[in-house]
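Below is one structure, written out as structure tokens, with a few remarks after it.
Number of protein chains: 2
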Amino acid sequence: MSAPTRRITIKEVAARAGVSKGAVSLAFNHKPGVSDATRERIFEAARELGWAPNLTARSLSNQRVGAIGLAICRPARLLGLEPFYMEFISGIESVLADRSCSLLLRLVRDLEEEIALQESWWKGRLIGGSILVDFHDNDPRVPALQQLGLPAVAVGHPSLTGGLPSVWTDDATAAAEAVRYLAALGHRRIARVGGPDGLGHSAIRAAAFESTMRDLGLDGGRQIATGFAGEEGARATRSLLLSADRPTAILYDNDIMAVAGAGVAAEMGLSVPADVSLLAWDDSQLCRLTHPTLSAMSHDVHSFGTEVARTLFDVINGPVPASHQVPTPSLTPRGSTAPPPRTG
Amino acid sequence: MSAPTRRITIKEVAARAGVSKGAVSLAFNHKPGVSDATRERIFEAARELGWAPNLTARSLSNQRVGAIGLAICRPARLLGLEPFYMEFISGIESVLADRSCSLLLRLVRDLEEEIALQESWWKGRLIGGSILVDFHDNDPRVPALQQLGLPAVAVGHPSLTGGLPSVWTDDATAAAEAVRYLAALGHRRIARVGGPDGLGHSAIRAAAFESTMRDLGLDGGRQIATGFAGEEGARATRSLLLSADRPTAILYDNDIMAVAGAGVAAEMGLSVPADVSLLAWDDSQLCRLTHPTLSAMSHDVHSFGTEVARTLFDVINGPVPASHQVPTPSLTPRGSTAPPPRTG
């Protein structure tokens with residue numbers, strides 16, 4: 001990394017033009033308050049120093065961040081199908097709107113592409129910082145972005161996010177609570193339709209599911225990994241409900257798969273919750289709109305996005321905040337969970 | 001607008017350094033192929049001219065667009081609740097990913113804020129062009145952005161989008177087809193749960209709904225305007241189904257409201273479609289996951305986003321393409337529509 005990586009600051013431009021930083025800002029924003037002659041002197045100083053009012057990364061003041069970055073490593077089609085990311089982004093946007101800051105969004109194919117992208121965003125002065133999501137074990141983004149000096153907040157359990165400041169939900173505790181609730185209702189055969197194996201938070205939930213089942217003396221808690229799409233949730237549910245030792249309760253990793261599961265149960269002539277209990281995760285409005293309404297591990301995803309964005313601004317403006325949790329998803333029983341059938 | 005609005009080009013930097021444009025690009029991308037001395041000369045020329053490798057708006061070559069803009073004028077919470085925008089964005093992203101281009105996304109409160117934002121994005125060289133959505137009558141964005149010279153593609157009927165190149169769906173034809181289908185099934189009392197009154201495409205659908213009802217000799221086709229949220233769809237459905245002259249068929253402006261409508265019908269002990277037929281719009285996976293599955297005016301929103309993004313690149317690279325339609329939403333009958341009850 002040779003080259004002019006040092007950033008010219010507005011302070012240097014102001015000093016060269018013999019004016020205040022505020023005057024430089026006024027001139028470049030075409031606002032009144034500076035004379036034509038002063039404006040010209042400011043423009044000349046900026047040209048000489050190679051400084052442009054980029055509207056990005058802290059260019060106009062310490063507080064001024066024009067955009068922050070978010071790269072998501074999921075197929076484009078899937079992104080449109082899952083309520084989680086749009087709610088998460090809506091939470092981020094609610095913070096950005098107050099700061100006249102935009103979100104730079106990109107879908108990437110793998111983590112290497114994301115690393116190169118974050119580097120080009122940062123070096124190209126397009127962003128003041130980034131939000132990193134979907135952490136894996138030994139995630140290569142951690143060392144790469146730390147070396148780059150990119151202000152970042154990680155969305156994921158601290159065990160996955162290295163030294164990056166992170167915001168996380170306690171997936172293990174929530175998954176354990178879900179299993180204990182279903183067991184308390186009397187269910188012995190409980191299954192889980194989860195996210196992809198390689199994803200950190202899916203793995204955390206899977207491990208908690210298994211260990212809680214074991215603690216409760218329940219064995220054979222079958223788990224099926226999916227890519228979060230409704231159709232996959234439908235397929236997994238069909239497979240579970242057609243098996244010889246059909247589960248009497250199913251825990252899903254999001255809400256769209258739980259909606260799909262309810263559709264499959266109805267299609268097979270099974271009644272929810274009389275024949276099979278369904279428990280969703282994330283709890284978007286979908287869970288309250290279906291009939292029966294879906295019990296869920298409720299999680300205010302919008303507020304999660306809000307907290308993540310706020311934390312990123314703390315990282316950017318310093319001092320770097322400690323990693324912290326947002327509220328653990330909590331059980332919201334609705335119409336889709338009940339004791340198992342007697343013959344179960 | 002005084003000031004250094006003229007953009008320094010890479011060609012000028014190359015000329016000043018006495019090298020090719022490719023060499024400038026190599027130097028600024030930290031790639032091999034230029035000697036250290038040449039690289040230094042290039043950096044010096046760039047500094048003198050006040051040129052920075054912004055990775056944005058056509059900076060590295062004519063084809064090179066680092067980001068495009070999308071401002072959405074809806075409350076943040078709502079954005080997360082509606083499948084449309086996320087599917088639309090996923091379509092856009094699928095085109096951007098192939099071009100290493102990012103999407104700059106912002107929620108705005110009103111069109112004036114959007115105009116100021118688009119201007120700052122464009123003048124700050126953050127974007128190579130923008131996608132404009134949710135057009136209103138006499139939309140103030142049209143003259144403002146044309147004057148700015150911002151490459152843009154409008155998503156909306158040409159009657160709303162002024163001289164901007166637009167990509168649109170024929171909402172009037174689709175709304176008429178929906179009404180004719182329900183009438184052909186035998187329904188006489190048909191209602192519509194639509195979008196906001198001020199929104200161009202909602203108004204087009206509302207007018208087509210009304211005129212088709214009149215053409216068919218059906219009167220009293222009640223329409224309720226909403227903000228597209230599921231809860232509003234539920235409230236509107238409750239109001240319709242509790243009215244003295246209860247409709248036997250309801251057309252919705254999106255799919256989440258139709259899902260909500262199905263939930264309300266079930267909650268009121270009404271059977272879908274035996275007691276009331278429901279017809280959704282947009283047809284995300286939701287319509288195929290519920291039981292009964294939802295009949296819908298199908299519309300491939302992901303492909304719509306893809307076509308819009310492709311068209312924007314045509315606008316940027318020229319010549320500016322003609323306004324054109326994507327396929328009209330077409331009727332996909334599923335389990336939620338049937339002839340009205342005998343007693344209807």
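Chains R and S are the protein sequences, given in the same order. Residue 344, in full-length UniProt numbering, is where the first sequence stops; the numbers in between run on with no holes. Residue 344, in full-length UniProt numbering, is where the second sequence stops; the numbers in between run on with no holes. Cβ coordinates follow ideal geometry from the N, Cα and C atoms, glycine included.
{"Item": "Can you have a look at S130/S and say buried or exposed, based on whether 16 or more other CB atoms are within 10 angstroms of its CB?", "Value": "buried"}
{"Item": "Taking just the CA atoms, how far does L145/S sit from S202/R?", "Value": "45 Å"}
{"Item": "Ordered along the chain, which non-local residues of its own chain (more than five positions away) have a Cβ less than 6 Å from that of P339/S?", "Value": "L185 and G186"}
{"Item": "Using a Cβ-Cβ cut-off of 9 Å, state whether S61/R counts as contacting chain S.", "Value": "With a pLDDT of only 38 at S61/R, under 50, the local geometry of the prediction cannot be trusted, and the value read off the model is given with reservation. Output row for S61/R: interface = no."}
{"Item": "Helix, strand or coil: how does DSSP classify R180/R here?", "Value": "helix"}
{"Item": "Mapping DSSP to helix, strand and coil, what is T248/S?", "Value": "coil"}
{"Item": "Kindly list, in the order they appear in chain S, the residues whose Cβ is closer than 8 Å to that of S159/R.", "Value": "Those within 8 Å of S159/R in chain S number zero; the least Cβ separation is about 28 Å."}
{"Item": "Whose CA, out of A46/S, R342/S and L164/S, lies closest to the CA of P314/S?", "Value": "Note on identity: in this sequence residue 314/S is Asp, with Pro being the wrong assignment. Checked all of A46/S, R342/S and L164/S; the closest Cα to D314/S is L164/S."}
{"Item": "Nearest-angstrom Cα distance between I127/R and V24/R?", "Value": "21 Å"}
{"Item": "Is it the case that the Cβ atoms of R205/R and R192/R are separated by a distance below 9 Å?", "Value": "yes"}
{"Item": "Looking at the C-beta of M213/R, does it have a partner C-beta in chain S at a distance below 9 Å?", "Value": "no"}
{"Item": "Quick one: grab the DSSP three-state call for T337/S.", "Value": "coil"}
{"Item": "Can a CB atom of chain S be found closer than 9 Å to the CB of G344/R?", "Value": "Unreliable placement is indicated for G344/R, whose pLDDT of 44 sits below 50; no coordinate value is reported for it."}
{"Item": "Does L107/S get closer than 9 Å to chain R when you measure Cβ to Cβ?", "Value": "yes"}
{"Item": "Out of S323/R, G156/R and V276/R, which one is the CA nearest neighbour of P247/R?", "Value": "V276/R"}
{"Item": "Which one or two residues does DSSP pair with V193/S in a beta bridge?", "Value": "I224/S and Y252/S"}
{"Item": "Name the chain R residues whose beta carbon is nearer than 9 Å to that of H291/S?", "Value": "A262, G263, V264, A265, A266 and E267"}
{"Item": "Taking only three categories from DSSP, how would you classify M268/R?", "Value": "coil"}
{"Item": "Below 9 Å between beta carbons is the criterion; list the residues of the segment 121-134 of chain R that meet it against any residue of chain S, in chain order.", "Value": "W121, K123, G124, R125 and L126"}
{"Item": "In three-state DSSP terms, what is R342/S?", "Value": "coil"}
{"Item": "Sorry if obvious, but does the Cβ on G124/S come closer than 8 Å to a heavy atom of the ligand GTP?", "Value": "Among the components modelled here there is no ligand, and therefore nothing to report on the ligand GTP."}
{"Item": "How close, in whole Å, do the beta carbons of E231/S and Q285/R come, if the pair is a contact with beta carbons under 8 Å?", "Value": "7 Å"}
{"Item": "Run through chain S and tell me which residues come within less than 7 Å of residue 387/R, C-beta to C-beta.", "Value": "Here chain R covers residues 1 to 344 and nothing more, so residue 387/R does not appear."}
{"Item": "Considering only the alpha carbon of each residue, which of V259/R, V155/R and E267/R lies closest to A322/R?", "Value": "V155/R"}
{"Item": "Under DSSP, the beta strand (DSSP E) around A280/S begins and ends at which residues?", "Value": "S277 to D282"}
{"Item": "Using C-beta distances below 7 Å, list every residue in its chain close to R141/R, excluding the 5 sequence neighbours before and after it, in chain order.", "Value": "L111, E114, I115 and L132"}
{"Item": "Can you pull the chain S neighbours of residue 347/R, defined as C-beta to C-beta under 7 Å?", "Value": "The question about residue 347/R has no answer, for chain R in this structure spans 1 to 344."}
{"Item": "Can you find the residues in the same chain that come closer than 6 Å, C-beta to C-beta, to R41/R, ignoring five residues on each side of it along the sequence?", "Value": "A17"}
{"Item": "Output, in sequence order along the chain, the residues in the segment 135-151 of chain R whose CB is closer than 9 Å to any CB in chain A.", "Value": "Judged by its chain identifiers, the structure shown contains no chain A, and its protein chains are R and S."}
{"Item": "Is it the case that the Cβ atoms of A265/R and L279/R are separated by a distance below 9 Å?", "Value": "no"}
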